[in-house]
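Chemist: Structure below; questions to follow.
Numbering (our numbering), first residue to last: 397 to 716.
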């Protein structure tokens, strides 16, 4: 009941929100040098890491800070992590800034679950409005854990990759589906499937060996992880956006000088804007095209064995 009330409040607020003016490019004057330890995104070949975050970490941040700030970056897999540990590592000071899906820490901070309920956000634009509306409440809770949200990113629309033909959600009955987060688990149970919690990096092998029948991930994310090699059908009903946050260690951030703190916060707001356009908009259709082996595939890898694209039924759209 409390969750439904919060969802209603969020939907009221988001339609009252209007975009603000664009910010100037962050820069930093002379001063002491600083190295940031950052981990973001699941695997090194993920486009949102390789083509966007890494550009900031290796080029733009050092250049714009006049050499004051360098970044030691890694993905979860390079740390031997699944993503669930990232916020804990950041809280403890092992990372200065971590990045992981909101649902990964929703058990400790339930309001995060509301930002990306399965079926709540049919478009990436609405997903961002919902998160922006929730940010004050989110940070009030996160600060109790020595972190805060300074930026966010969606992943491409989270769709189903299956080893067997699928026409609609009802075809998942009796199937094992790799999921993440409680609301996706609830959705899969509601259609008769068995949700299976698996680390992102383990899912390719699980699909290949038939440990699971389907997996849920972003259309472009699944392409980057080569799920098209071990599945045959993609059901392109958007289930969630897998909205993720960039979380700095709050004690670490607060002890930085005001100019450095502003540079960091402004930089990650800029990363956020670009991630919502690239990850949420561009990679969604590109991933579907690449998995389908179409010549319109631009960012990802064109599948040598094209997957079958199954468009969502009107009944399933209404269900969501």
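Beta carbons: idealized from backbone N, C-alpha and C, even for Gly.
Values in this document were obtained by computation on a predicted structure and should not be read as measured data.
Kindly indicate which residue of 626, 672, 693 and 641 has the alpha-carbon position closest to the one of residue 701.
Modeler: 626
Chemist: Let me know the secondary structure DSSP gives residue 468 once reduced to three states.
Modeler: strand
Chemist: Nearest by alpha-carbon distance to residue 484: which of 445, 540 and 564 is it?
Modeler: 540
Chemist: On the premise that residue 430 lies in contact with residue 656, defined as a C-beta separation below 8 Å, what is that separation, rounded to the nearest angstrom?
Modeler: Yes, they are in contact, since the Cβ atoms of residue 656 and residue 430 sit about 6 Å apart, within 8 Å.
Chemist: Bridge partners of residue 591, per DSSP?
Modeler: 573, per the DSSP bridge assignment.
Chemist: Could you check which residue in 632, 472 and 454 has the C-alpha nearest to that of residue 465?
Modeler: Comparing alpha carbon positions, the residue from 632, 472 and 454 closest to residue 465 is 454.
Chemist: Which one or two residues does DSSP pair with residue 681 in a beta bridge?
Modeler: Residue 681 is not bridged to any residue.
Chemist: Measure the CB-CB distance between residue 444 and residue 671 and report whether it falls below 8 Å.
Modeler: yes
Chemist: Under the assumption that residue 613 contacts residue 623 (Cβ atoms under 8 Å), give the Cβ distance between them as a whole number of angstroms.
Modeler: That belief holds up - the Cβ atoms of residue 613 and residue 623 are roughly 7 Å apart, short of 8 Å.
Chemist: Who pairs with residue 556 in a beta bridge, going by DSSP?
Modeler: 612 and 631
Chemist: Specify the secondary structure class of residue 547 as computed by DSSP and reduced to three states.
Modeler: In the three-state scheme derived from DSSP, where H, G and I count as helix and E and B as strand, residue 547 is classed as strand.
Chemist: Can residue 587 and residue 572 be called in contact, C-beta distance under 8 Å?
Modeler: no
Chemist: Could you give the distance in angstroms between the alpha-carbon of residue 548 and the alpha-carbon of residue 458?
Modeler: CA-to-CA, the gap between residue 548 and residue 458 works out to about 21 Å.
Chemist: Along the chain, where does the beta strand (DSSP E) that runs through residue 705 open and close?
Modeler: Segment 704-706, the beta strand (DSSP E) holding residue 705.
Chemist: Can you tell which of 651, 704, 675 and 713 has the C-alpha that lies nearest to the C-alpha of residue 489?
Modeler: 651
Chemist: Across which residues does DSSP place residue 493 in a beta bridge pair?
Modeler: 434 and 644
Chemist: State buried or exposed for residue 560, treating a residue as buried only when at least 16 other CB atoms are found within 10 Å of its CB.
Modeler: It counts as exposed.
Chemist: Are there three or more Cβ pairs, one per stretch, closer than 8 Å when the segment 467-478 is compared with the segment 677-696?
Modeler: In this structure the segment 467-478 does not touch the segment 677-696; the number of beta carbon pairs closer than 8 Å is below three.
Chemist: Taking one C-beta from the segment 587-598 and one from the segment 656-668 each time, how about it: are there three or more such pairs within less than 8 Å?
Modeler: The answer is no - the segment 656-668 does not touch the segment 587-598, with fewer than three Cβ pairs under 8 Å.
Chemist: What would DSSP say about residue 512, mapped onto helix, strand or coil?
Modeler: coil
Chemist: Whether or not the segment 637-646 and the segment 513-532 are in contact is what I'm after, with contact meaning three or more pairs of Cβ atoms, one per stretch, closer than 8 Å; do they touch?
Modeler: Yes: at least three Cβ pairs fall under 8 Å.
Chemist: Could you work out which residue in 494, 550, 621 and 500 is closest to residue 698 when comparing CA atoms only?
Modeler: 621
Chemist: The alpha helix (DSSP H) spanning residue 671 covers which residue range?
Modeler: 654-671
Chemist: Within 10 angstroms of its Cβ, does residue 544 collect 16 or more other Cβ (buried), or is it exposed?
Modeler: Residue 544 comes out buried.
Chemist: Among the residues of its own chain, which have a CB less than 6 Å from the CB of residue 577, if the five just before and after it don't count?
Modeler: 499
Chemist: Where does residue 462 sit, in a helix, a strand or coil, going by DSSP?
Modeler: coil
Chemist: Which same chain residues end up closer than 7 Å to residue 694 when comparing Cβ atoms and leaving out the 5 residues on each side of it in sequence?
Modeler: 682
Chemist: With the cut-off set at 8 Å, would you say residue 706 and residue 599 are in Cβ contact?
Modeler: no
Chemist: Report the rounded CA-to-CA distance for residue 644 versus residue 667, giving the unit in angstroms.
Modeler: Taking the straight line joining both Cα atoms gives about 14 Å.
Chemist: Do you know whose CA, among 565, 606 and 471, lies nearest residue 711's CA?
Modeler: 565
Chemist: How many angstroms separate the CA atom of residue 542 from the CA atom of residue 669?
Modeler: 24 Å
Chemist: By Cβ distance, which residues of its chain are closer than 6 Å to residue 417, with the 5 residues on each side in sequence left out?
Modeler: Residue confidence is low: residue 417 scores 42 on pLDDT, short of 50, so the model does not pin down where it sits. Its coordinate-derived value is still stated next. Around residue 417: no qualifying Cβ.
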